[in-house]
Every structure is written in structure tokens, then in C-alpha cells.
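Number of protein chains: 2
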Amino acid sequence: MKTIQVYRCLCDETRLRILNLLLEGPLCVCHLAAVLGLEQPKISRHLKALKGAGAVETERCYNWTIYRLAARPNAVLETNLKCLQDMRGEEAVFAHDLRQRARMFKELMAESCCELPARLRELCRESSQTV
Amino acid sequence: MKTIQVYRCLCDETRLRILNLLLEGPLCVCHLAAVLGLEQPKISRHLKALKGAGAVETERCYNWTIYRLAARPNAVLETNLKCLQDMRGEEAVFAHDLRQRARMFKELMAESCCELPARLRELCRESSQTV
DNA sequence: GACGAATATGCGGTTAATCGAATATTCGTC
DNA sequence: GACGAATATTCGATTAACCGCATATTCGTC
Chain A
397 MKTIQVYRCL CDETRLRILN LLLEGPLCVC HLAAVLGLEQ PKISRHLKAL KGAGAVETER
457 CYNWTIYRLA ARPNAVLETN LKCLQDMRGE EAVFAHDLRQ RARMFKELMA ESCCELPARL
517 RELCRESSQT V
Chain B
397 MKTIQVYRCL CDETRLRILN LLLEGPLCVC HLAAVLGLEQ PKISRHLKAL KGAGAVETER
457 CYNWTIYRLA ARPNAVLETN LKCLQDMRGE EAVFAHDLRQ RARMFKELMA ESCCELPARL
517 RELCRESSQT V
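Chains as they are written, first to last, in this note's numbering: chain A, 397 to 527; chain B, 397 to 527.
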């Protein structure tokens with residue numbers, strides 16, 4: 397049952413925190429790890445689980461892998477992403493992560509050393525239309 | 397995080413099947429077990445998990461324990477119960493269980509040997525108003 | 001093709017979930 | 001208070017999830 401796989405994804409705090417961040421826009425692994433304050437291998441493994449359940453999609457950008465929410469999530473997933481968005485206020489972790497993200501994103505955008513910021517900016521523009 | 401506990405509940409097929417049945421109305425343990433074709437201790441254990449997550453409530457009726465959906469489920473749970481209802485058509489198990497339930501319920505109602513049928517009928521009438 | 005940054009995977013250990021089978025509890029009846 | 005029906009719990013075993021740590025892979029640069 398595909399649905400169960402989705403629920404299995406959602407019953408881990410780290411994965412919920414990742415989804416919470418991706419609701420704001422795409423991010424690559426290293427920035428997810430930095431924002432969440434967790435080890436990179438841990439993030440990678442959770443991202444793999446999320447991808448396996450069809451929750452996220454990836455795109456290579458040089459040696460970064462950019463993760464974003466799936467463009468066509470199944471019904472259950474879509475519903476729960478909306479739930480997550482509504483729930484942000486009630487959970488301090490989510491709010492905290494979003495603040496961290498905002499700060500880190502600002503820094504990243506200020507750097508013009510590589511092409512990642514440009515691509516992320518593009519993706520953000522796209523996703524803010526669909527979400 | 398309370399939400400995670402809810403998701404943990406939802407990522408087991410047996411529990412989803414139980415919730416699917418309870419969406420139609422309250423049932424006691426032995427009938428749940430019979431309809432699902434599973435052992436009674438297994439059902440009891442899953443019901444305990446559901447109760448722990450605030451998904452179901454109980455009521456004693458002689459030596460039966462009647463289980464029903466929680467009157468005030470939290471937001472995430474409520475949303476996913478609606479999802480479950482929408483999803484019934486797509487999952488053969490759910491449809492099959494509902495047919496089994498209908499048949500068994502009809503038989504049970506025909507019996508006038510005990511007070512269980514009467515109470516169940518009452519509860520069904522109530523719940524069909526709220527749901 | 002060697003190097004470094006970013007990402008992914010393998011491995012061993014620990015904890016949590018689930019199960020079947022047996023047993024305990026609860027409650028009404030006699 | 002003994003009995004039986006319905007339900008709940010305990011036990012040991014198996015499986016799955018998660019983690020930290022180390023290592024492998026990928027890809028662009030020099």
C-alpha cells in the first residue's frame with residue numbers, strides 16, 4: 397500500500413523538519429544539514445527515504461544536489477504537506493528552522509562565487525508560483 | 397511531537413483497516429477481528445495503539461468493548477480520516493472489509509439475544525449525524 | 001588523472017514495532 | 001463464588017528503523 401510508505405516517511409521528526417524547510421523552497425543537502433544542525437550523512441539518508449516515497453525530487457547543479465518537493469505528490473502526501481504548513485506555528489522547532497533557513501539563505505544569496513545561488517533563486521521563483 | 401504519534405499509527409495496514417471500518421460506525425473487538433479475519437489479541441493491541449494516539453474511544457457494553465472513532469480528533473488525524481474515506485475505492489482491501497462488515501453487521505442486527513445490537517444501533521445513529 | 005567539495009553508501013550496534021502463542025483480567029450469569 | 005465469553009496483557013523472538021562513524025562515489029577544477 398503506497399499510502400503506508402508515505403506515513404512511514406512522516407513519522408520521523410527529521411523528515412518532517414526537512415519537508416517544512418522544503419515548503420519554503422528547494423535546498424541542497426549541505427544547506428539542509430547546516431540549517432538543521434545535523435550531520436550530512438543523516439540528512440542524505442532521510443532524503444533518500446523521502447525520495448523513495450515520492451515526496452521529493454532532485455536536480456544536480458554542479459556538485460550540489462538540489463532537493464525540492466515533488467511536483468506531483470499523491471493525495472495523502474499533498475494533504476499532509478498542507479497540514480504541516482498549518483502546524484508550523486504550534487511547533488517551536490519548525491519556526492526555529494525557518495528562521496535559520498532565512499538567515500542562511502540570505503548569506504548564500506549574497507555570495508556570487510558559484511552558480512548555485514542563481515539556480516536556487518530560479519527554482520524559488522518557480523516554486524512560489526506552484527505552491 | 398504529538399503529530400508523529402498520529403503518523404506512527406497510520407503506517408500500519410491493520411490499523412488503517414480498523415479505522416476504515418470505524419468510519420462506518422462503532423464496532424466491538426470480536427467483530428473487528430471477525431471482519432478482518434485476524435486474531436483477537438492482535439486487534440486488541442492495535443486498538444490500544446490507536447487509543448493511545450487519540451484516534452479511538454471506548455465504551456463498555458456488558459462484556460463487550462465498543463470502539464469508535466474519537467469524537468474530537470486532532471487536526472492531522474481528522475484530515476487523514478477524510479483522506480482514508482476518499483481512498484477507499486483505490487484499495488481493494490478496504491472495499492473488501494466494508495463488504496464483510498456489512499454482511500456481519502446485518503447478521504448481528506438480526507440477533508435479539510443480547511443488548512449489544514441495540515447499543516450498536518444507537519451509536520450508529522449518533523455517529524451518522526456527526527460524521 | 002590528481003585533488004577537493006558535495007553527496008551517497010556500508011557497516012555494526014541500539015532501539016522500537018510487530019507477531020504468535022499462552023495467559024490474565026473483566027464482567028455478567030448461574 | 002464458579003464458570004464462560006469477551007477482552008487485555010505478557011513473553012520471547014523476529015524484523016525494521018535509526019544512528020554514528022568511516023568510506024565510497026561523483027563531478028568540476030587544476
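We put the CB at the ideal spot given by N, CA and C, even for glycine.
These numbers come from a predicted model, not from an experiment.
Candidates the options: closest to residue i by CA position
i: Gln496/B; options: Val402/B, Tyr403/B, Asn416/B and Arg411/B; result: Asn416/B
i: Leu477/B; options: Pro437/B, Leu418/B and Leu443/B; result: Leu418/B
i: Leu423/B; options: Ala466/B, Met397/B, Glu486/B and Thr399/B; result: Ala466/B
i: Lys398/A; options: Leu480/B, Gly448/B, Val431/B and Arg515/B; result: Leu480/B
i: Ala445/A; options: Ala491/A, Tyr403/A and Glu518/A; result: Tyr403/A
i: Val431/A; options: Met500/A, Thr410/A and Leu519/A; result: Met500/A
i: Glu409/A; options: Glu420/A, Asp493/A and Gly421/A; result: Asp493/A
i: Gly561/A; options: Arg441/A, Pro437/A and Leu473/A; result: The question about residue 561/A has no answer, for chain A in this structure spans 397 to 527.
i: Leu516/B; options: Leu406/B, Thr454/B and Lys447/B; result: Thr454/B
i: Glu518/A; options: Val452/A, Cys457/A, Ala429/A and Cys407/A; result: Cys457/A
i: Gln401/A; options: Cys407/B, Glu486/B and Thr475/B; result: Cys407/B
Backbone CA spacing between residue i and residue j [nearest angstrom]
i: Asn470/B; j: Trp460/A; result: 39 Å
i: Arg521/B; j: Tyr463/B; result: 15 Å
i: Leu504/B; j: Leu434/B; result: 19 Å
i: Arg413/A; j: Ala488/A; result: 11 Å
i: Leu512/B; j: Glu420/A; result: 52 Å
i: Ile439/A; j: Ala506/B; result: 57 Å
i: Met483/A; j: Arg468/B; result: 17 Å
i: Ser523/A; j: Arg441/A; result: 24 Å
i: Lys502/B; j: Leu428/B; result: 14 Å
i: Val452/A; j: Ala491/B; result: 30 Å
i: Thr475/A; j: Cys405/A; result: 14 Å
i: Gln436/B; j: Gly485/B; result: 27 Å
Residue environment, residue i, which counts as buried when at least 16 other CB atoms sit within 10 Å
i: Cys426/A; result: exposed
i: Arg411/B; result: buried
i: Leu510/A; result: With the sequence shown as reference, residue 510/A is identified as Cys, and Leu is not the correct amino acid for it. The residue is exposed, with fewer than 16 neighbouring Cβ atoms inside 10 Å.
Paired residues, beta bridge with residue i - DSSP
i: Glu453/B; result: Arg464/B
Reduced DSSP secondary structure (H/G/I, E/B, other) of residue i
i: Cys424/B; result: strand
i: Asp408/B; result: coil
i: Gly433/A; result: coil
i: Met483/B; result: helix
i: Met397/B; result: coil
i: Leu419/B; result: coil
i: His520/B; result: Note that residue 520/B is Cys in the sequence shown, not His. Here Cys520/B sits in helix by DSSP.
i: Tyr458/B; result: coil
i: Pro513/A; result: helix
i: Asn476/B; result: helix
i: Glu507/A; result: coil
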